[in-house]
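Protein chains: 2
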Amino acid sequence: MITRMSSLFLRTLREDPADAEVPSHKLLVRAGYVRRVAPGGYSWLPLGMRVLRKVEAIVREEMDAMGAQEIQFPALLPREPYEATNRWTEYGPNLFRLKDRKGADYLLGPTHEELFTLTVKGEYSSYKDYPVILYQIQTKYRDEARPRAGILRGREFVMKDSYSFDLDDEGLAGSYQLHRDAYIKTFDRLGLEYVIVKATSGAMGGSASEEFLAVAASGEDTYVRSTGSDYAANVEAVVTPAPPEQSIEDKPEAQVHHTPNTPTIETLVDFLNNAELDRKFTAADTLKNVLVKTRQPGAKDWTLLGVGVPGDREVDMKRLEASLEPAEVALLEDKDFAANPFLVKGYIGPGALAANGVRYLVDPRIVRGTAWVTGADKADHHVVDLVCGRDFTPDGTIEAAEVREGDPAPDGKGTLVAARGIEIGHIFQLGRKYADAFGLDALGPDSKPIRITMGSYGIGVSRAVAVVAEQYHDDKGLIWPRNVSPFDLHIVMAGKDDSIREYAEKLAGELDEAGVTVLLDDRKASPGVKFADAELIGVPTIVVIGRGLANGLVEVKDRKSGERVEVPVAEVVEHLKALVRS
Amino acid sequence: MITRMSSLFLRTLREDPADAEVPSHKLLVRAGYVRRVAPGGYSWLPLGMRVLRKVEAIVREEMDAMGAQEIQFPALLPREPYEATNRWTEYGPNLFRLKDRKGADYLLGPTHEELFTLTVKGEYSSYKDYPVILYQIQTKYRDEARPRAGILRGREFVMKDSYSFDLDDEGLAGSYQLHRDAYIKTFDRLGLEYVIVKATSGAMGGSASEEFLAVAASGEDTYVRSTGSDYAANVEAVVTPAPPEQSIEDKPEAQVHHTPNTPTIETLVDFLNNAELDRKFTAADTLKNVLVKTRQPGAKDWTLLGVGVPGDREVDMKRLEASLEPAEVALLEDKDFAANPFLVKGYIGPGALAANGVRYLVDPRIVRGTAWVTGADKADHHVVDLVCGRDFTPDGTIEAAEVREGDPAPDGKGTLVAARGIEIGHIFQLGRKYADAFGLDALGPDSKPIRITMGSYGIGVSRAVAVVAEQYHDDKGLIWPRNVSPFDLHIVMAGKDDSIREYAEKLAGELDEAGVTVLLDDRKASPGVKFADAELIGVPTIVVIGRGLANGLVEVKDRKSGERVEVPVAEVVEHLKALVRS
Chain P
70 MITRMSSLFL RTLREDPADA EVPSHKLLVR AGYVRRVAPG GYSWLPLGMR VLRKVEAIVR
130 EEMDAMGAQE IQFPALLPRE PYEATNRWTE YGPNLFRLKD RKGADYLLGP THEELFTLTV
190 KGEYSSYKDY PVILYQIQTK YRDEARPRAG ILRGREFVMK DSYSFDLDDE GLAGSYQLHR
250 DAYIKTFDRL GLEYVIVKAT SGAMGGSASE EFLAVAASGE DTYVRSTGSD YAANVEAVVT
310 PAPPEQSIED KPEAQVHHTP NTPTIETLVD FLNNAELDRK FTAADTLKNV LVKTRQPGAK
370 DWTLLGVGVP GDREVDMKRL EASLEPAEVA LLEDKDFAAN PFLVKGYIGP GALAANGVRY
430 LVDPRIVRGT AWVTGADKAD HHVVDLVCGR DFTPDGTIEA AEVREGDPAP DGKGTLVAAR
490 GIEIGHIFQL GRKYADAFGL DALGPDSKPI RITMGSYGIG VSRAVAVVAE QYHDDKGLIW
550 PRNVSPFDLH IVMAGKDDSI REYAEKLAGE LDEAGVTVLL DDRKASPGVK FADAELIGVP
610 TIVVIGRGLA NGLVEVKDRK SGERVEVPVA EVVEHLKALV RS
Chain Y
70 MITRMSSLFL RTLREDPADA EVPSHKLLVR AGYVRRVAPG GYSWLPLGMR VLRKVEAIVR
130 EEMDAMGAQE IQFPALLPRE PYEATNRWTE YGPNLFRLKD RKGADYLLGP THEELFTLTV
190 KGEYSSYKDY PVILYQIQTK YRDEARPRAG ILRGREFVMK DSYSFDLDDE GLAGSYQLHR
250 DAYIKTFDRL GLEYVIVKAT SGAMGGSASE EFLAVAASGE DTYVRSTGSD YAANVEAVVT
310 PAPPEQSIED KPEAQVHHTP NTPTIETLVD FLNNAELDRK FTAADTLKNV LVKTRQPGAK
370 DWTLLGVGVP GDREVDMKRL EASLEPAEVA LLEDKDFAAN PFLVKGYIGP GALAANGVRY
430 LVDPRIVRGT AWVTGADKAD HHVVDLVCGR DFTPDGTIEA AEVREGDPAP DGKGTLVAAR
490 GIEIGHIFQL GRKYADAFGL DALGPDSKPI RITMGSYGIG VSRAVAVVAE QYHDDKGLIW
550 PRNVSPFDLH IVMAGKDDSI REYAEKLAGE LDEAGVTVLL DDRKASPGVK FADAELIGVP
610 TIVVIGRGLA NGLVEVKDRK SGERVEVPVA EVVEHLKALV RS
């Protein structure tokens with residue numbers, strides 16, 4: 070069926086929407102793909118629907134091809150399953166909650182681990198039933214604090230979420246790899262430029278979680294990549310390479326110094342360098358001890374934790390939180406200091422922590438044999454040459470220090486540089502968390518129960534539309550890759566002659582018959598208006614039926630390069646068919 | 070891609086679910102198409118997804134074919150537009166309401182008139198833009214008081230809703246007719262047996278609203294049809310044929326009788342028939358006056374209304390309400406009688422109503438010249454031979470009396486019989502209600518605004534799956550029509566020989582190549598289990614690869630008739646291809 074601009078429900082806009090900052094938001098609104106209905110809520114107009122359906126179809130095909138089976142849950146879900154996993158509470162204000170007419174609690178599903186787990190439990194019982202991978206392409210809801218950038222971060226969005234159910238870790242690794250491969254195929258077909266970044270530091274196993282980030286300057290996610298390899302990771306997932314251990318024997322003895330008025334690392338270093346000591350210091354020679362408190366899920370009480378990092382780096386709370394997950398982390402309040410008088414604010418050292426049984430974790434750079442300037446647990450006093458493994462022994466290491474550009478890459482190749490991206494996919498080895506919560510077991514061949522292990526995998530389907538737009542546009546408008554373009558061809562009638570109209574209709578009809586999707590600009594507008602709209606809408610090939618027709622020629626323009634070729638009428642159908650199938 | 074039962078996420082059940090009453094609910098659960106997640110909330114398992122998608126595709130094709138354009142709104146909608154039309158309040162407890170993290174009011178869309186109207190207003194401005202028909206296929210939410218019958222009446226369901234926008238009534242009638250034709254094609258393709266019933270009494274124009282009801286004994290909707298024509302209507306929409314007017318001259322004078330202890334029609338008739346009067350009476354000779362109060366939308370005060378019906382019929386509140394829409398209707402309370410002492414409970418006559426300015430509407434059978442026994446506005450007194458047009462003059466007629474089997478059909482052909490159905494579609498000429506609420510105008514050729522007139526049209530997409538199941542099953546299971554069957558063929562390996570497995574795989578592969586969708590039962594289960602599952606699942610053609618294979622024969626069984634034919638291996642692919650395309 071030919072789509073005619075004269076009746077298409079579409080009005081392009083000349084101005085960017087006032088609330089739009091990123092190119093995809095501006096262009097998808099201006100070109101009439103989406104319209105804002107509420108904060109983070111958008112309607113899809115006919116052009117947008119076509120792109121969304123194409124993205125959906127590609128995602129579905131790749132999921133089906135890997136043997137995943139499509140099902141669909143309600144979006145309106147009862148509270149109980151989410152209560153069982155504590156997510157009813159954990160989601161906090163990000164969850165849309167509501168009551169039904171009887172006062173029962175419901176939520177709008179942000180993700181469906183609970184329901185999938187319960188459903189598999191309801192249907193399957195024997196080890197012979199496994200493995201299974203289920204997925205849905207569904208509208209999801211998250212009450213984002215700052216919905217932004219149009220459909221890039223909405224409160225209602227379309228997501229493909231899938232879940233794998235395996236009998237053992239090896240099976241899970243296989244299901245994870247299937248998804249990884251399918252995601253690569255999917256995003257390649259969408260034409261996206263992306264990186265796969267490690268999303269956890271590896272505490273749960275090296276490849277437990279990876280994110281697919283589309284490269285985009287407007288991206289909210291920061292990640293680092295190496296200048297010397299294809300290493301890429303979320304900042305939270307960067308593993309700090311530990312330097313070699315050093316000899317302890319040749320280190321001078323630790324000495325306490327009176328260091329008045331040195332509340333900061335900077336003032337401390339200045340003080341020491343002005344003192345008559347045998348050498349000079351930098352911030353990197355100091356050991357900063359940051360006290361926090363942590364609480365395990367479901368626990369009532371907080372526990373103190375000391376975190377030691379080189380003084381030239383800040384503690385990155387996001388990295389610290391990721392390292393301590395699922396525990397909560399909070400900074401100390403005045404009352405905490407009051408309750409623990411051994412903590413001398415600004416002068417905390419490893420000594421008081423050890424003496425008072427406070428767990429102490431340090432940055433991986435603080436290895437045995439390294440000597441540090443650090444707090445002496447006494448106001449206005451620091452200790453110099455406190456040697457790790459001699460004068461203090463940390464309880465372990467922790468990834469908490471900030472990651473900086475120029476840091477060595479964890480794989481030893483090159484250094485790290487920061488980049489920005491947009492999360493378009495996430496694959497995650499969940500393990501047995503949900504199976505434990507709901508008692509999902511398979512009866513094994515020996516009649517003993519086998520606890521199932523799960524993976525959880527997501528693709529932001531509606532977001533992907535915006536991300537493609539983010540990567541494929543210029544200052545005139547969108548430039549869709551063929552795979553997701555709303556139409557294969559945009560035919561413009563550029564002229565008022567009946568012959569132009571007749572030929573354009575005939576050409577559109579022939580192409581339509583051949584299965585080529587055609588947007589036909591049959592409006593009475595000027596050629597200039599039509600060309601501008603065609604460039605804004607972004608169909609990759611624009612066919613102009615104009616003055617050349619009198620000479621038996623049709624102009625075929627490539628939206629991206631701007632190149633035009635004149636094709637004889639006799640050849641144009643075959644030319645275009647070949648083009649759209651290229 | 071061949072779907073294999075050995076890995077299909079499917080477990081059939083032997084028992085009906087405890088909460089299931091209707092066949093579609095029982096069978097769709099037992100055959101593994103859907104699972105209950107919450108009251109009125111169901112998940113779609115792989116078989117169910119396939120049928121749902123087929124129904125969706127048919128609906129979409131017919132909508133596209135009529136020139137409607139697909140768009141999609143969020144389901145989570147802000148309160149304001151629904152406030153503007155008062156539906157935020159009017160929907161009462163049927164609406165799911167919630168607040169976002171900032172405390173703003175939202176709802177889960179039950180239907181989208183407001184948003185469509187606002188969107189068209191946002192995009193279109195000139196009369197040249199019209200007409201336009203937009204639709205979406207979307208998940209909708211209604212907090213039903215009694216969700217029941219599985220996906221037949223859920224609280225979350227898939228609906229196609231469309232809206233037409235026209236410049237004038239003639240245009241609206243055209244858009245309405247386009248929908249009517251498209252719905253007929255859609256429901257015919259779904260294989261449904263249905264009737265099209267008038268849904269309003271015609272106060273807004275003869276064809277202002279029609280419902281498509283699938284014929285089903287389990288249906289919630291009662292309608293009437295004629296024994297003598299194809300007339301069918303909702304009970305609310307039945308128009309009572311008026312008898313001919315009668316001569317007034319030959320009627321005896323009205324006489325008031327003391328009728329003690331006659332609070333009911335029955336006691337009144339008995340009393341009169343025992344009194345020494347010149348003739349006998351039946352309930353049909355009496356005129357029952359029922360007092361109600363009505364209130365227009367947005368009004369504060371109630372107004373009294375007298376409704377007169379023949380004494381042998383009850384007032385049908387649903388019909389009364391439909392006749393008075395959009396006004397609210399309520400029965401009188403004691404305080405209303407106290408405030409209006411001229412209303413003598415049990416003895417109300419037309420006289421007091423006229424004397425006190427109470428509007429009085431009567432059943433269409435109460436025509437000029439008819440004589441009635443009715444209340445004399447005085448306790449224990451009735452009047453006999455009160456003649457319409459002589460002794461009282463109603464303010465008009467109203468459809469309020471109950472409709473009974475055996476009543477003459479409004480078209481004069483045959484009599485009415487009651488039947489039950491399930492609403493699967495509704496087409497409705499909305500008129501200018503929403504355009505008025507939001508000021509949707511087109512600028513006319515004379516630069517004057519033209520108020521747009523709208524139609525609203527719905528198809529219950531997920532419900533249609535249940536309705537097909539309701540009409541296509543037997544005691545062994547489902548029997549899908551080819552157009553909506555989850556697969557074209559169900560191939561059963563009935564035997565353990567390698568030759569059977571190999572041939573079945575080869576046959577399935579060849580058919581799959583040819584575009585035939587195949588469900589292959591490759592499980593290790595017994596043939597009996599496989600046959601029972603095949604009959605439960607309901608693919609219309611079952612292909613059995615079993616003992617006959619040794620003789621070069623394959624059994625092809627028709628699920629509905631049970632007929633089996635043996636087809637030589639050499640012919641089976643062509644035979645099956647022809648069958649599924651029949």
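Chains as they are written, first to last, in our numbering: chain P, 70 to 651; chain Y, 70 to 651. Every residue, glycine too, gets a C-beta built ideally from N, C-alpha and C.
- Around the beta carbon of residue 99 of chain P, 16 or more other beta carbons sit within 10 angstroms, so the residue counts as buried.
- Between residue 292 of chain Y and residue 308 of chain Y, the beta carbon gap of about 14 Å keeps them out of contact (Cβ cut-off 8 Å).
- Identification of chain P residues near residue 139 of chain Y by a Cβ-Cβ cut-off of 8 Å yields 115 and 118, ordered along the chain.
- Listed along chain P, the residues sitting closer than 8 Å to residue 201 of chain Y by beta-carbon distance are 76 and 78.
- The beta-carbon of residue 133 of chain Y is placed less than 8 Å from the nearest beta-carbon of chain P.
- Of all residues in the region 200 to 231 of chain Y, those with a C-beta nearer than 8 Å to a C-beta of chain P are 201, 203, 208, 210, 212, 214, 224 and 225, reading in chain order.
- Burial state of residue 446 of chain P is buried, judged by a 10 Å Cβ sphere holding 16 or more other Cβ atoms.
- At a Cβ-Cβ threshold of 8 Å, residue 561 of chain Y and residue 71 of chain Y do not count as neighbours.
- By the criterion of a C-beta distance shorter than 7 Å, residue 478 of chain P is surrounded in its chain by 295, 297, 298, 300, 484 and 485, once the five residues flanking it on both sides are discounted.
- Residue 73 of chain P sits in a strand when the DSSP states are folded into three classes.
- Here residue 357 of chain Y is buried: its Cβ has 16 or more other Cβ atoms, across all protein chains shown, within 10 Å.
- Here residue 549 of chain P carries a coil assignment [DSSP, helix/strand/coil].
- Taking 8 Å as the threshold, the shortest C-beta distance from residue 381 of chain Y to chain P does not fall below it.
- In this structure, DSSP gives residue 135 of chain Y a state outside helix and strand, which the three-state scheme calls coil.
- The beta carbons of residue 290 of chain Y and residue 492 of chain Y sit closer together than 8 Å.
- Under the Cβ criterion (8 Å, minimum of three pairs), the region 523 to 532 of chain Y counts as touching the region 499 to 512 of chain Y.
- Assignment of beta-bridge partners to residue 221 of chain Y by DSSP yields no partner.
- The C-beta of residue 598 of chain P comes no closer than 8 Å to any C-beta of chain Y.
- Counted as a single uninterrupted DSSP element, the stretch harbouring residue 435 of chain P is not any alpha helix (DSSP H), since DSSP gives it neither H nor E.
- Scanning Y/392, Y/188, Y/539 and Y/287 for the CA closest to the CA of residue 466 of chain Y turns up Y/392.
- Closer than 8 Å to the CB of residue 162 of chain P there is at least one CB belonging to chain Y.
- Judged by DSSP secondary structure, residue 578 of chain P falls within the alpha helix (DSSP H) whose first and last residues are 567 to 582.
- By the neighbour-count criterion, in which 16 or more other beta carbons inside 10 Å mark a residue as buried, residue 511 of chain Y falls on the buried side.
- At least one C-beta of chain Y is nearer than 8 Å to the C-beta of residue 104 of chain P.
- In terms of beta-carbon proximity, residue 514 of chain P stays away from the interface with chain Y, with every pair separated by 8 Å or more.
- Taking a 10 Å sphere around the C-beta of residue 498 of chain Y, we find 16 or more other C-beta atoms and assign the residue as buried.
- The beta carbon of residue 196 of chain Y does not come within 8 Å of any beta carbon belonging to chain P, so the residue lies off that interface.
- Counted as a single uninterrupted DSSP element, the stretch harbouring residue 365 of chain P is not any alpha helix (DSSP H), since DSSP gives it neither H nor E.
- Note: residue 237 of chain P is not bridge-paired with any residue in the DSSP secondary-structure output.
- No residue range can be given for residue 461 of chain Y, since it is assigned to no beta strand (DSSP E) and is classified by DSSP as neither H nor E.
- With distances taken between CA atoms, residue 416 of chain Y lies nearest to Y/329 out of Y/487, Y/344 and Y/329.
- For residue 166 of chain Y, the C-beta contacts it makes with chain P under 9 Å involve 167 and 168, in order along the chain.
- Going by DSSP, residue 342 of chain Y is part of the alpha helix (DSSP H) stretching over 334 to 343.
- Here residue 226 of chain P carries a strand assignment [DSSP, helix/strand/coil].
- If you draw a straight line from the Cα of residue 616 of chain Y to the Cα of residue 570 of chain Y, it comes to about 12 Å.
- With the criterion set as a beta carbon lying under 8 Å from some beta carbon of chain Y, the region 486 to 512 of chain P has no members that meet it.
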